[in-house]
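FYI, in the numbering used here the residues of the sequence shown are 4 to 70.
Heads up, the beta-carbon is just placed ideally off N, CA and C, and yes, glycines get one too.
All values derive from a computational prediction rather than experimental measurement.
Report on the following structure.
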Amino acid sequence: MSKSNLKHLEKIEDAIKNSNIKEDEKSLALQKIKEWYIEDKAQDIIYDELVKISSNIEPILKELGLI
């Protein structure tokens with residue numbers, strides 16, 4: 004997760020915690036933020052893994068005429 008994304012999520016989380024909305028709504032909102040965090044981390048992992056294997060896949064794609 005990029006530092007800017009993490010900062011934004013932290014700001015949103017703090018704003019929710021300090022808001023005047025109902026506790027159940029706060030809970031749902033905080034759960035959604037946790038989901039966003041997990042999704043963002045998963046995208047980072049997928050990207051990192053694809054970068055690792057890309058050099059191995061490139062010759063195969065060339066052989067198939069795809070690149």
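Meets three-Cβ-pair contact criterion under 8 Å: the stretch 22-40 and the stretch 53-68
Cβ pair count under 8 Å is below three, so no.
Could you give the residue range of the alpha helix (DSSP H) that holds L64?
First-last of the alpha helix (DSSP H) with L64: E26 to E66.
Residue from K29, V54, A45 and K6 with nearest C-alpha to D17
By alpha-carbon distance to D17, the top candidate from K29, V54, A45 and K6 is K29.
On the three-state DSSP scale, how would you describe S7?
If DSSP states are grouped into helix, strand and coil, S7 belongs with the helices.
Roughly how many angstroms lie between the CA atoms of Y40 and I56, to the nearest whole one?
A direct Cα-Cα distance of roughly 25 Å separates Y40 from I56.
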